[in-house]
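Q: Protein chains in written order, with our numbering: chain A, 1070 to 1403; chain B, 1070 to 1403; chain C, 71 to 396; chain D, 71 to 396. Even glycine gets a Cβ: it sits at the ideal position worked out from N, Cα and C. As the structure is a computational prediction, the values presented were derived from the model and not from experiment.
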Amino acid sequence: MARKIMFKEAINEAIRLEMERDETVILMGLDVAGSAGTGQERDSWGGVLGVTKGLYHQFPERVFDAPISESSYIGAAVGASACGMRAIGELMFADFLGVCFDQLYNQAAKFRYMFGGKAVTPVTIRTIIGAGFCAAAQHSQSPYSIFTHVPGLKCIVPSNAYDAKGLLATAIQDDDPCIFFEHKALYTTKGDVPEEHYRIPLGKANILQEGKDVTIVALGLMVSVATKAAKQLEKDGISCTIIDPRTTSPLDQDAIFSSVKKTGRLVVVDEDSSRCGFAADIVAMTAQEVFSSLKAAPQMVTPPFVPVPFARNLETAYLPSAAKVEAAVRQTME
Amino acid sequence: MARKIMFKEAINEAIRLEMERDETVILMGLDVAGSAGTGQERDSWGGVLGVTKGLYHQFPERVFDAPISESSYIGAAVGASACGMRAIGELMFADFLGVCFDQLYNQAAKFRYMFGGKAVTPVTIRTIIGAGFCAAAQHSQSPYSIFTHVPGLKCIVPSNAYDAKGLLATAIQDDDPCIFFEHKALYTTKGDVPEEHYRIPLGKANILQEGKDVTIVALGLMVSVATKAAKQLEKDGISCTIIDPRTTSPLDQDAIFSSVKKTGRLVVVDEDSSRCGFAADIVAMTAQEVFSSLKAAPQMVTPPFVPVPFARNLETAYLPSAAKVEAAVRQTME
Amino acid sequence: MSGQMSKEALLKAYRKMRQIREFEERIHSEFATGEIPGFVHLYAGEEAVAVGFCEHLSNKDRISSTHRGHGHCIAKGVDLMGMMAEIYGRKTGTCGGKGGSMHIADLDVGMLGANGIVGAGPPLACGAGLASKLRKDGSVSVVFFGDGAANQGTNFESMNLAVTWDLPVIFVLENNGYAESTSPKYTARVGTENISDRARGFGMPAITVDGNDFFAVYEAAGEAIERARKGGGPSFVECKTLRYYGHFEGDAQTYRPKGEVKDARANNDPLKRFAAAVVAADLIDSVELEKIDKEVRAQVDSAVTAAKAAPDPDPESLFTDVYVSY
Amino acid sequence: MSGQMSKEALLKAYRKMRQIREFEERIHSEFATGEIPGFVHLYAGEEAVAVGFCEHLSNKDRISSTHRGHGHCIAKGVDLMGMMAEIYGRKTGTCGGKGGSMHIADLDVGMLGANGIVGAGPPLACGAGLASKLRKDGSVSVVFFGDGAANQGTNFESMNLAVTWDLPVIFVLENNGYAESTSPKYTARVGTENISDRARGFGMPAITVDGNDFFAVYEAAGEAIERARKGGGPSFVECKTLRYYGHFEGDAQTYRPKGEVKDARANNDPLKRFAAAVVAADLIDSVELEKIDKEVRAQVDSAVTAAKAAPDPDPESLFTDVYVSY
Ligand SMILES: Cc1ncc(C[n+]2csc(CCOP(=O)(O)OP(=O)(O)O)c2C)c(N)n1
Ligand SMILES: Cc1ncc(C[n+]2csc(CCOP(=O)(O)OP(=O)(O)O)c2C)c(N)n1
Ligand SMILES: [Mg+2]
Ligand SMILES: [Mg+2]
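1) Provide the residue(s) that pair with Lys1259 of chain B in DSSP beta bridges, ordered along the chain.
2) Flag this pair as yes or no: are the beta carbons of Phe1128 of chain A and Thr1193 of chain A separated by less than 8 Å?
3) Which residue marks the beginning of the alpha helix (DSSP H) containing Thr1317 of chain B, and which one marks its end?
4) Leaving out five residues before and five after Asp1245 of chain B in sequence, what residues of the same chain have Cβ atoms less than 6 Å from its Cβ?
5) Report, in whole angstroms, the separation of the C-beta atoms of Ile133 of chain D and Met181 of chain D, which I expect to be a contact under 8 Å.
6) Is the shortest distance between the beta-carbon of Phe1184 of chain B and the beta-carbons of chain A less than 8 Å?
7) With respect to 7 Å, is the separation between the Cβ of Tyr248 of chain D and the closest non-hydrogen atom of ligand 4 below this value?
8) If you measure between the beta carbons of Met1161 of chain A and Leu1096 of chain A, is that distance less than 8 Å?
9) Give me the DSSP bridge partner(s) of Arg132 of chain C.
10) Out of B:Tyr1387, B:Thr1371 and B:Met1088, which has the shortest C-alpha to C-alpha gap to Ala1156 of chain B?
11) What residue does the beta strand (DSSP E) around Ser305 of chain C start on, and which one ends it?
12) Run through chain C and tell me which residues come within less than 8 Å of Arg1381 of chain A, C-beta to C-beta.
13) Considering Cα atoms alone, identify which of D:Leu150, D:Thr136, D:Cys143 and D:Thr234 is closest to Ala368 of chain D.
14) Counting only C-beta atoms, is Glu365 of chain D closer than 8 Å to chain A at any point?
15) Mark Thr1257 of chain A as exposed unless 16 or more other C-beta atoms lie within 10 angstroms of its C-beta, in which case mark it buried.
16) Taking only beta carbons into account, state which residues of the segment 1164 to 1176 of chain A come closer than 9 Å to chain G, listed in chain order.
17) Which residues, taken in chain order from the segment 265 to 298 of chain D, show a beta carbon closer than 7 Å to some beta carbon of chain C?
18) Identify the contact partners of Val1132 of chain B in chain C, using a Cβ-Cβ distance below 8 Å as the criterion.
19) Flag Asp1134 of chain A as yes when its Cβ comes closer than 7 Å to any non-hydrogen atom of ligand 3, and as no otherwise.
20) What residues match up with Gly216 of chain C in a beta bridge as DSSP calls it?
21) With a Cβ-Cβ cutoff of 8 Å, do Val212 of chain C and Asp131 of chain C count as a contact?
22) Hey, out of C:Leu127, C:Val148, C:Ala190 and C:Gly108, whose CA is closest to Gln89 of chain C's CA?
23) Please decide whether Gly1346 of chain A counts as near chain B, where near means a Cβ-Cβ distance under 8 Å.
24) Cβ closer than 7 Å: which chain A residues qualify as neighbours of Ser251 of chain C?
25) Tell me whether Asp267 of chain C sits in a helix, a strand or coil according to DSSP, three-state version.
26) For Asp280 of chain C, which option in C:Cys196, C:Thr252 and C:Glu244 has the closest C-alpha, if you only look at C-alpha atoms?
27) For Asn1275 of chain B, does the three-state DSSP call read helix, strand or coil?
28) Go through its chain and collect everything with a Cβ distance to Leu1288 of chain A's Cβ below 6 Å, but skip five positions before and after it.
29) Secondary structure at Gln1368 of chain A, three-state DSSP: helix, strand or coil?
30) Just by C-beta distance, which residues in the segment 169 to 199 of chain C are closer than 9 Å to chain A?
31) Would Asn221 of chain D count as contacting chain A if we go by Cβ distances under 8 Å?
32) Give a yes or no on contact between the segment 1134 to 1150 of chain B and the segment 212 to 231 of chain C, applying the rule of three or more CB pairs nearer than 8 Å.
33) What span of residues does the beta strand (DSSP E) with Asp1134 of chain B cover, start to end?
34) Residues of chain C with CB closer than 8 Å to the CB of His1208 of chain A, please, in chain order.
35) Ligand 2 and Ala219 of chain D: does the residue's C-beta get closer than 7 Å to at least one heavy atom of that ligand?
36) Compute the beta-carbon to beta-carbon distance between Tyr1174 of chain B and Ile1198 of chain B, rounded to the nearest angstrom, for a pair I have assumed lies under 8 Å.
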């Protein structure tokens, strides 16, 4: 039965259902329980933004608060997963990748290949991304491109509550290391989410709407930005296809290429850094693979090449907006 | 006066000259002295591949062997540089970025912006990249794309001894954080290098040859691969421009765009991972900015999306080769 | 009580502590109005630590700080007006509105920056200490960090590096008993009685003091800093203290025992203890302290008024200050 | 000498040590011919450590290893033929030729992998230990690392995590006095007499033993492993030893005192000391040991022959085994 619940509730539910169904699923991170052991468990934090609230209470033996030492506990999640567990490690903010990246970059991602196919490391890392809260340069980044860059990792960037639940369920049961990026601005957005357990496959894009003029590719929070722009453009008779790839690795290239073959125009909206990022990745592969279908220069709508600023007016100017997407689409129509 | 010296000697010389000219230049890393303090200084290692040999002997007070704890000593290089030094930190292999990335990603790169322009952090990080030595998945990567992705960092990927000396001299005296990537296969290659001190500006491409048919962009070791391919193609009357950007950030876009405007065709040869990498970056910006000049689909010649394999035959197949570049160029001519 | 402190020094220290307290209390109430953006972590309750150390330092000495950095900034002499404007995200802020609460820095006064990354400070402080050592000017660097941060690898590595390289770095642990919501009874659990024991294992002098007793902190700080200035290498000082507010503004603090803060405010407040001590010792008249309180209140008041009235950063500033040149 | 060891156990331990020695000596001479690709780090001289620990372990127990991993692999029961083929980069190698010397793993026998990243093993071992703890099957995990690696933040963090979570993890420091070229007199300099002192500061039992005395290692290992199996949490064992070859094959070893290895081979060799002890105690006849030596030599010989004759990996294997599914 579907109800409207919040994105963060959908994530909580996905974890809970997997933990109920599968004893090997464990959860670890900073404050993922919170106040565990103090006698106030019922009130426990459940992570810095409350996403895992209640899980410690239900599974006290499988939810672990960790000391602030991401390399050790993210590495432990990787190690436990190589030893038969399905560990979910929470990296509080993706901005913190720099203190623990090796355990994903050189360990989890490469075990299977280096060991000749003999390792299985079904670890899932959940992490918060995104700007928009004046959290400044070290708490607002969306570095999924860095992870997408790494063969051996799978990267998931859900854009709504329904997808979040289904994709996280899949990630947890997936036998490869998965990184699951949760945009903080989506946490309180609501969507129809079935109560039951369900899964959404990785590598299958969601086509939100089909249009004939321009293909817009957008991820995570940017999907809503793209949708808003498309609505506006429709008033002027410009019809857009909106593709939410849902996962950057594996990537549903087919969905993108076949759409561009129809529309001949591509705009990618991306919140990650503009250089060597996801937007460039999509534009480059499209240019290489379906060049002859392109009627106009593909456009990238990304933040400028600067750190995320603190002041609200600067941060607003920093982020891709519907207006910028509109302008980019119009440019492809000239 | 120019002599033929090796790439690694050119690097050594650049450091030595800067240390002679500027008392604030210091060097730190694992084994950068080596055997320092044992009474065998004259024989000291000078880094795992001998690049810094002799520097400890000449500057015993400014060359520091560090305990194996990259976050601490790379961070110390950053901190010392924010306090008036020009520290050169050696990250032995770029593959090890995962154990110390935060000090570059969130610290060095962002100080100036976050602090409203008041910080100057002239740190230089030297690091080894590249496959070709059967060093396998954790000692063969070329992750400059990850650093290029980060606003606030400058990235330098020299392709020959002359450039290495001039670019490193510039990097050390540059007031921004610079990451200097040294391909291990280049270390023993020789080139004409003046004895005197000189500098090569960052962000200025080297155009190795100008041709009318295709623009090839290649970095580091890939420059020689591209050159070899171009020679072969010339025999068939296909004439190539070869652009070595030298630095990925800042990037000499003008050189690339104006060449593509002439040739209408682009091939990027890159040793880094194929997803969200440097090749995609160049292709995407070219597709966006000079689309109308493009006569054919731009091509990326990169390794497959897999970790670097160990066995020699697999590693050879993994790497971009002149033959693959040739094929890509021919494809643009079809 | 530190016999060596002159009356002026005592008054200065008290003023600093009061500035921090007033600054934080005021931000707490202003934050509730919704006008202050971002994540804000308040230092109220821990004043004796920052001031106890920084009163030994000059602009040539450096400190590195944490997400809970306002107190360190004020103690080190960062301009309070600029700080408030920064926290409001204004053009007139210390960082031009581009950093915010978690990233206030002022290198001119030796403040290397608050930091949003837990454990990022210790390596930077080692670098600052190395610069001091090479300059041979007797300057030192002091790194503040919390009981949570004390578990971060960067912190252990840096203690080790400071010992190996014999650096003039003082590691100051602000043990307030919480890392966000996780209590020492569980997560922060260390295998030894005090976290300082763990530090001693690295081979440097390490002690634990009452971090709410200004004079205890001041004395321990003086000793450690003096040792470092004289080439005696690093030290570790654990200061046991308490934060009066939540981890960040907006924290419901469900994890805290009821009455913990109320009790501390009543019986273990660093400013009250300082005042009681200096008055009891007849060193300072309570009227003088009240005068400072009033002056500081006016100062913070005008900082808030000015911050609110200040303009937003110029739109173009989004693009500047990424590089010195590019 | 460990009274509890049966003759069979003694012979088995000796055979393992001899296998490691023979394997490494042979690779050393084969490497010189240029046929072995990549970076190779030899374990010869440190055999008593790997074997002293692994003789207490079953396949359910896990170890994590280092760049210098051959000895750990053999001790834990990884197939020697497969290992040799792997080091030669052959299709028949343990990892199909895709990993090489630095990445040999065999999860079926509880070997979590050699590792090219210094300090990467301890967090992984904590994860293995956590899995053991959750399974409640009494299994443990053992992590080997060097004196250089002992400085890495991941190592400190993991010791701390193991204490906090009370994990059945044994930290085994192989202190061979060198991290690449840097000697303990300089870089590896720690602030305490033994590195184990630093570990003790984390609040776990920590001792230092003669790592070339098989029986000393075996006993210390037994105690630590038993404690962990019974829920007594982590321990730390420092084993002082020496490597007989360079950091990697090709290292000119200019940093080493002359005669250091020669002296050790003559007077402090773990195999010789083992043999002398068991023979002197009349537990084993030296003829039996020589028989093992001969058998092992033949075994390693055939491993080399087979490896040389084995085919390269299939070209398609470049693309496989990145993901389970993609
Ligand atoms: C690398 C990293 N991990 C986690 C966080 C999130 N975080 C911010 S403050 C904090 C708790 C810090 O506790 P402590 O060091 O005791 O300082 P306190 O807040 O008590 O002053 C955490 C977990 C972070 N900012 N950086
Ligand atoms: C993160 C990281 N830093 C540096 C290296 C390079 N490196 C490989 S082995 C080694 C020395 C290790 O010394 P130790 O831990 O004592 O082990 P030993 O070689 O003596 O067995 C170094 C610095 C690495 N592989 N990974
Ligand atoms: Mg705390
Ligand atoms: Mg060693």
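A: So, from the listed chains and residues:
1) Beta-bridge annotation (DSSP): Lys1259 of chain B is paired with B:Met1075.
2) Taking a C-beta distance under 8 Å as the contact criterion, Phe1128 of chain A and Thr1193 of chain A do not qualify as a contact pair.
3) Taken as a continuous stretch (DSSP letters only), Thr1317 of chain B belongs to no alpha helix (DSSP H), being part of the beta strand (DSSP E) at Thr1316 to Ser1318.
4) Answer for Asp1245 of chain B: Lys1223, listed in chain order.
5) Their Cβ separation, rounded to whole angstroms, is 6 Å, which keeps Ile133 of chain D and Met181 of chain D in contact under 8 Å.
6) Phe1184 of chain B has a beta carbon lying at 8 Å or more from every beta carbon in chain A.
7) Tyr248 of chain D Cβ: within cutoff of ligand 4.
8) No; because the gap between Cβ atoms is not below 8 Å, this pair is not in contact.
9) In the DSSP assignment, the residues bridged to Arg132 of chain C are C:Ser211.
10) For the residues B:Tyr1387, B:Thr1371 and B:Met1088, the minimum Cα distance to Ala1156 of chain B belongs to B:Met1088.
11) It spans Ser305 to Lys310 - the beta strand (DSSP E) in which Ser305 of chain C sits, taken as one unbroken run.
12) Scanning chain C for C-beta atoms nearer than 8 Å to the C-beta of Arg1381 of chain A yields Pro107, Gly159 and Asp382, reported in chain order.
13) Ranking the options by Cα distance to Ala368 of chain D, first place goes to D:Leu150.
14) It does not; no Cβ of chain A falls within 8 Å.
15) So Thr1257 of chain A ends up on the exposed side.
16) Within the model displayed, chain G is absent; protein chains A, B, C and D are what it includes.
17) Those residues of the segment 265 to 298 of chain D that come within reach of chain C (Cβ to Cβ, closer than 7 Å) are Asp267, Arg268, Arg270, Gly271, Phe272, Gly273 and Met274.
18) Correct list: empty, because the minimum Cβ distance to chain C is about 12 Å.
19) Asp1134 of chain A Cβ: outside cutoff for every heavy atom of ligand 3.
20) Answer is C:Glu244.
21) Between Val212 of chain C and Asp131 of chain C, the gap from beta carbon to beta carbon is short of 8 Å.
22) It is C:Val148 whose Cα lies nearest to the Cα of Gln89 of chain C.
23) For Gly1346 of chain A, the answer is yes, since a Cβ of chain B falls inside 8 Å of its Cβ.
24) Ordered by position in chain A, the residues that pass the 7 Å Cβ test against Ser251 of chain C are Asp1100, Gly1103, Ser1104 and Trp1114.
25) DSSP places Asp267 of chain C in helix when its eight states are reduced to three.
26) Ranking the options by Cα distance to Asp280 of chain C, first place goes to C:Glu244.
27) Asn1275 of chain B carries a strand assignment under DSSP once its states are collapsed to helix, strand and coil.
28) Within the same chain, Leu1288 of chain A has close Cβ partners Val1226.
29) The answer is strand: DSSP assigns Gln1368 of chain A an E or B state.
30) Listed by position along the chain: Gly169, Gly170, Ser171, Met172, His173, Asn185, Gly186, Ile187, Val188, Gly189 and Ala190.
31) Not a single C-beta of chain A is nearer than 8 Å to the C-beta of Asn221 of chain D.
32) Touching, per the Cβ criterion.
33) Run containing Asp1134 of chain B: Val1132 to Asp1134, per the beta strand (DSSP E) assignment.
34) For His1208 of chain A, the C-beta contacts it makes with chain C under 8 Å involve Phe109, Met172 and Gly186, in order along the chain.
35) True, at least one ligand heavy atom lies under 7 Å from that Cβ.
36) Contact check for Tyr1174 of chain B and Ile1198 of chain B: beta-carbon distance about 18 Å, past the 8 Å limit, so the pair fails to qualify.
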